[in-house]
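Protein chains: 2
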Amino acid sequence: MNPLSSPDVLGGSDAASPSRRELNKAATRRAIATAALGLLRDKGVGQFTVEDIAAAAGISRRTFFNYYSSFEAAMASVADGFLDRALEQFRLRPASEPVLESAQAALMALADPATIAPMAEFFSLTQESPSLARSELEAWDHCTSQIIDAARERLGPRANELYLRALAGSVISCGKAAMTVWFEESDSDLSPASLTRLRQYLIDAMGLLGSGFASQTAPTTLPATHPSDSTSSTTERF
Amino acid sequence: MNPLSSPDVLGGSDAASPSRRELNKAATRRAIATAALGLLRDKGVGQFTVEDIAAAAGISRRTFFNYYSSFEAAMASVADGFLDRALEQFRLRPASEPVLESAQAALMALADPATIAPMAEFFSLTQESPSLARSELEAWDHCTSQIIDAARERLGPRANELYLRALAGSVISCGKAAMTVWFEESDSDLSPASLTRLRQYLIDAMGLLGSGFASQTAPTTLPATHPSDSTSSTTERF
DNA sequence: CCTTAACTTGCGCAGCGTGCAAAATTGCAC
DNA sequence: GTGCAATTTTGCACGCTGCGCAAGTTAAGG
């Protein structure tokens, strides 16, 4: 029946085994996520049911729940897919590189039109739906866990747990802060100039983290409340 | 009827107006949260319904939903109450103090037996319930928003938004990391010695943040992360 | 071809979350 | 106190969720 039924050439047990079943399941997962995102776009948040998603994906309602335990879970998988790209980049960095630099480089990979487009859409939807906001939180948290694992792997199993968690959490927080600020000020603007700004935010955020948010400790006497002002941002402004 | 019905002495329009109705609602809120926590303790997670909580709190199922939109929301309010204590402390710190020091002092207030007891219980339940884990995430996120507001208020409205968000997020992440590590290693041990360790973790985490997680870039001597040393891990390990 | 395991589907059911309107409670002025 | 108005509680109904179960359907392998 199927022209591709021959066993995989590699027969690898370690790597992914692209059996027909696995492929189908992966395809179904993607179909569900795509259908859900599409309905979100077309009908708006809360204006459709799981049954609608299932219909759009060409499966039954029951099968939907075989793949995702809830609509939120399906959405979280979208965000996860986005953040996983950063994870992937992080793992590719040389182990000798300082973690913060690796993180910065990894986050930089997100400032790519094709990569960030779905996330930007997700972000905008997040603003108006507590349910999606929670999905986003979960995704960031999931990413944090992954970073912790990756960093532990890099630094060795005897790495200080507090150090690992504090660092990973802070890195993610800063990445999130950069994306939030970027998104709030340039609503889904994916132009090259806008993406350049996002990159700069990511760099700035990592810089702040690396310097211990030091802008305040230096000037022992705080300089009143008058800055040189200006609309721009580069000044740390206390 | 009520011996306390006289109008509040302050007559403040801005402050909370403790009218009888408000007091009753607050009492109901507390009753619900208490009942929910009690059932969680007695029956275990997922072994009871909203109707059970309502019965335990002496109200109807419908009224429960007048106060909380879900069981998770009720649980998040518990965690919020805990973290709000830290917020309160933060706002009490002098505005001239560096933010990181204020944050450290505020977090220190959490390492108090009476304060942390409910949270420790909440934490332990969190481990075995994705639903409660999400409530916890929401609580941390809520706290982050509050910190951002508080810091913005302190630094002036013209503060760099990226700086604010990155700093607040990192502070919370580090506080969370300290509590997580503490909780994982001393399961709900509220002894003075254990709480001292928690305080040290909080101090260490803030120290890491303030020094930009510098242990790898330059061994310039990190600011005394050695308490008197302890069981093992204090070495930064890379 | 036939068997086994994995996956899908329909069905049923307990529980969730909410709109609605009646009933109870509270605050306030007379 | 009595009555009125505003607020809160409650029961009811309804659609949706999430899951167990068992029967169908499809891939994998002898």
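Top to bottom, those sequences are chains A and B.
Per the UniProt record's numbering, the first sequence starts with residue 1, numbered consecutively.
Per the UniProt record's numbering, the second sequence starts with residue 1, numbered consecutively.
Note that CB positions come from ideal geometry on N, CA and C, so glycine has one too.
A quick note: this is a predicted structure, and the numbers were derived from the prediction, not measured.
message = Applying the 10 Å Cβ sphere with the 16-neighbour rule, what's the burial state of residue 246 of chain A?
response = With chain A running from 1 to 238 in the structure shown, residue 246 of chain A is simply not present.
query = Does the beta carbon of Gly210 of chain B sit closer than 7 Å to a beta carbon anywhere in chain A?
reply = On the second sequence, position 210 is the one that residue 210 of chain B refers to. So yes, Gly210 of chain B belongs to the interface.
key: Partner residues on chain A for Arg165 of chain B, Cβ-Cβ distance less than 7 Å   = As a first step, residue 165 of chain B must be located in the second sequence, where it is residue number 165. Chain A residues near Arg165 of chain B: Ala177, Thr180, Val181.
request  = Return the chain-ordered list of same chain residues with a C-beta closer than 6 Å to the C-beta of Leu198 of chain B, the five sequence neighbours on each side being excluded.
outcome  = Within the second sequence, numbered from 1, the residue matching residue 198 of chain B stands at position 198. Once the five neighbours on either side are set aside, the close Cβ partners of Leu198 of chain B are Ala111, Trp182.
ask   = If we call anything under 7 Å between Cβ atoms a contact, is Ile59 of chain B one with Ala36 of chain B?
value = On the second sequence, residue 59 of chain B is found 59 positions in, with the first residue counted as 1. On the second sequence, residue 36 of chain B is found 36 positions in, with the first residue counted as 1. The answer is no: Cβ separation not under 7 Å.
key: Against chain A: residues of the UniProt domain "HTH tetR-type" (26-86) of chain B by CB proximity under 7 Å   = none
task = Compute the Euclidean distance between the alpha carbons of Asn66 of chain A and Glu51 of chain A, then round it to the nearest angstrom.
result = Stepping through the first sequence from its first residue, residue 66 of chain A is reached at position 66. Stepping through the first sequence from its first residue, residue 51 of chain A is reached at position 51. Their backbone Cα atoms lie some 13 Å apart in a straight line.
key: Status (buried if at least 16 other CB within 10 Å, exposed otherwise) for Gly207 of chain B   = As a working note, residue 207 of chain B is residue 207 in the second sequence. Buried.
task = Give a yes or no on whether 7 Å exceeds the smallest Cβ distance from Phe213 of chain A to chain B.
result = The residue given as residue 213 of chain A occupies position 213 in the first sequence. Yes, its Cβ sits closer than 7 Å to a Cβ of chain B.
query = Roughly how many angstroms separate the alpha carbons of Ser145 of chain A and Gly44 of chain A, rounded to a whole number?
reply = Here residue 145 of chain A refers to the residue found at position 145 of the first sequence. Here residue 44 of chain A refers to the residue found at position 44 of the first sequence. So the alpha carbons of these two residues sit roughly 31 Å apart.
ask   = Would a check of beta-carbon distances place Cys143 of chain A closer than 7 Å to chain B?
value = In the first sequence, counting from the first residue as 1, residue 143 of chain A sits at position 143. With 7 Å as the cut-off, Cys143 of chain A does not count as an interface residue toward chain B.
task = Give the straight-line distance between the Cα atoms of Pro192 of chain B and Met108 of chain B, rounded to the nearest whole angstrom.
result = As a working note, residue 192 of chain B is residue 192 in the second sequence. As a working note, residue 108 of chain B is residue 108 in the second sequence. Each residue's Cα considered, the two are about 14 Å apart.
query = Thinking C-alpha only, which one of A:Thr180, A:Pro98, A:Ser194, A:Tyr163 is nearest Ala133 of chain A?
reply = The residue you call residue 133 of chain A lines up with position 133 of the first sequence. Closest by alpha carbon: A:Thr180.
key: Inter-residue spacing [alpha-carbon to alpha-carbon] between Thr235 of chain A and Ile32 of chain B   = Along the first sequence, read from residue 1 onward, the residue named residue 235 of chain A stands at position 235. Along the second sequence, read from residue 1 onward, the residue named residue 32 of chain B stands at position 32. Reliability fails at Thr235 of chain A, whose pLDDT of 40 lies under 50, so the model's placement of it is uncertain and the value that follows must be treated cautiously. Rounded to the nearest whole angstrom, the CA to CA distance from Thr235 of chain A to Ile32 of chain B is 48 Å.
Beta-carbon separation (whole angstroms), Leu190 of chain A vs Phe213 of chain B, contact threshold 8 Å = Reading the first sequence from its first residue, position 190 is the one you call residue 190 of chain A. Reading the second sequence from its first residue, position 213 is the one you call residue 213 of chain B. About 32 Å; that fails the 8 Å criterion.
Contact with chain A by Ser170 of chain B, beta-carbon distance below 7 Å = Along the second sequence, one-based indexing puts residue 170 of chain B at 170. Chain A, which has a Cβ nearer than 7 Å to the Cβ of Ser170 of chain B, makes this yes.
ask   = Any residues in the region 88-106 of chain A with a beta carbon nearer than 8 Å to a beta carbon of chain B? Which ones, in chain order?
value = Pro98, Val99, Leu100
query = Taking Cβ positions only, does Asp14 of chain A come closer than 7 Å to chain B?
reply = As a first step, residue 14 of chain A must be located in the first sequence, where it is residue number 14. For Asp14 of chain A, the predicted structure reports a pLDDT of 39, less than 50, and the residue's modelled location is therefore unreliable. A value from the coordinates is still provided. Not one beta carbon of chain B lies nearer than 7 Å to the beta carbon of Asp14 of chain A.
ask   = Is the beta carbon of Arg165 of chain B less than 7 Å from the beta carbon of Ala159 of chain B?
value = Taking the second sequence and counting its residues from 1, the one referred to as residue 165 of chain B is at position 165. Taking the second sequence and counting its residues from 1, the one referred to as residue 159 of chain B is at position 159. No, these two residues do not count as a Cβ contact at 7 Å.
key: C-alpha distance - Phe64 of chain A paired with Ala86 of chain B, whole-angstrom precision   = For the purposes of this step, residue 64 of chain A is taken as the residue at position 64 of the first sequence. For the purposes of this step, residue 86 of chain B is taken as the residue at position 86 of the second sequence. If you take the alpha carbons of Phe64 of chain A and Ala86 of chain B, they lie about 42 Å apart.
Selection of the region 115-144 of chain A by Cβ proximity to chain B, strictly under 7 Å = If you check each beta-carbon in the region 115-144 of chain A against every beta-carbon of chain B, the ones closer than 7 Å belong to Arg134, Leu137, Glu138, Asp141.
inquiry  = Taking its Cβ as the centre, do 16 or more other Cβ atoms sit within 10 Å of Arg154 of chain B, making it buried, or is it exposed?
reply    = Position 154 of the second sequence holds residue 154 of chain B. Answer is buried; the Cβ neighbour count reaches 16.
task = Note down the Cα distance separating Ser173 of chain B from Gly169 of chain A, rounded to an integer number of angstroms.
result = Counting from 1 along the second sequence, the entry for residue 173 of chain B is found at position 173. Counting from 1 along the first sequence, the entry for residue 169 of chain A is found at position 169. Cα to Cα, the separation comes out at about 5 Å.
ask   = If we call anything under 7 Å between Cβ atoms a contact, is Asp80 of chain A one with Leu137 of chain B?
value = Indexing the first sequence from 1 puts residue 80 of chain A at position 80. Indexing the second sequence from 1 puts residue 137 of chain B at position 137. For the 7 Å CB-CB criterion, Asp80 of chain A and Leu137 of chain B do not form a contact.
task = Could you name the residues of the same chain whose beta carbon sits closer than 7 Å to that of Val99 of chain B, not counting the 5 residues immediately before and after it, in chain order?
result = Against the second sequence, residue 99 of chain B aligns to sequence position 99. Excluding sequence neighbours, Val99 of chain B sits near Ala151, Leu167.
ask   = Do you know offhand how far Thr217 of chain B's Cα is from Glu101 of chain A's?
value = Taking the first residue of the second sequence as position 1, residue 217 of chain B is located at position 217. Taking the first residue of the first sequence as position 1, residue 101 of chain A is located at position 101. With a pLDDT of 43 at Thr217 of chain B, under the threshold of 50, the modelled position of this residue cannot be trusted, and the question is left open.
query = Along chain B, in chain order, which residues have C-beta atoms closer than 7 Å to that of Leu162 of chain A?
reply = Numbered from its first residue, the first sequence carries residue 162 of chain A at position 162. Here the neighbours are Ala177, Ala178, Val181, Tyr201, Asp204, Ala205.
query = If we cut at 7 Å on Cβ distances, does Ser186 of chain B have a partner in chain A?
reply = Locating residue 186 of chain B in the second sequence gives position 186, where the first residue counts as 1. Not closer than 7 Å to any Cβ of chain A, the Cβ of Ser186 of chain B fails to qualify, so no.
task = Pull up the CB-CB distance for Ala139 of chain A and Ala76 of chain A, whole angstroms please, since I reckon it's below 8 Å.
result = As a working mapping, residue 139 of chain A is identified with position 139 in the first sequence. As a working mapping, residue 76 of chain A is identified with position 76 in the first sequence. Confirmed, about 5 Å.
Residue-level contact to chain A via CB, Ser173 of chain B, 7 Å cutoff = On the second sequence, residue 173 of chain B is found 173 positions in, with the first residue counted as 1. Yes, Ser173 of chain B counts as interfacial toward chain A.
message = Could you compute how far the alpha carbon of Leu23 of chain A sits from the alpha carbon of Ala57 of chain A?
response = Residue numbering aside, residue 23 of chain A sits at position 23 when the first sequence is read from its first letter. Residue numbering aside, residue 57 of chain A sits at position 57 when the first sequence is read from its first letter. If you take the alpha carbons of Leu23 of chain A and Ala57 of chain A, they lie about 16 Å apart.
Reduced DSSP secondary structure (H/G/I, E/B, other) of Glu101 of chain B = Along the second sequence, one-based indexing puts residue 101 of chain B at 101. Helix, per DSSP.
task = For Gly175 of chain B, I'd like the list of residues in its chain whose CB is within less than 6 Å of its CB, leaving aside the five on either flank, ordered along the chain.
result = By one-based count along the second sequence, residue 175 of chain B stands at place 175. Correct list, in chain order: Leu107.
query = For the alpha helix (DSSP H) that Asp80 of chain A lies in, which residues bound it at each end?
reply = Along the first sequence, one-based indexing puts residue 80 of chain A at 80. Asp80 of chain A -> alpha helix (DSSP H) spans 71-92.
message = Looking at Glu72 of chain A: is its Cβ nearer than 7 Å to the Cβ of Ser129 of chain A?
response = On the first sequence, residue 72 of chain A is found 72 positions in, with the first residue counted as 1. On the first sequence, residue 129 of chain A is found 129 positions in, with the first residue counted as 1. No, the pair does not count as a contact, with Cβ atoms beyond the cut-off.
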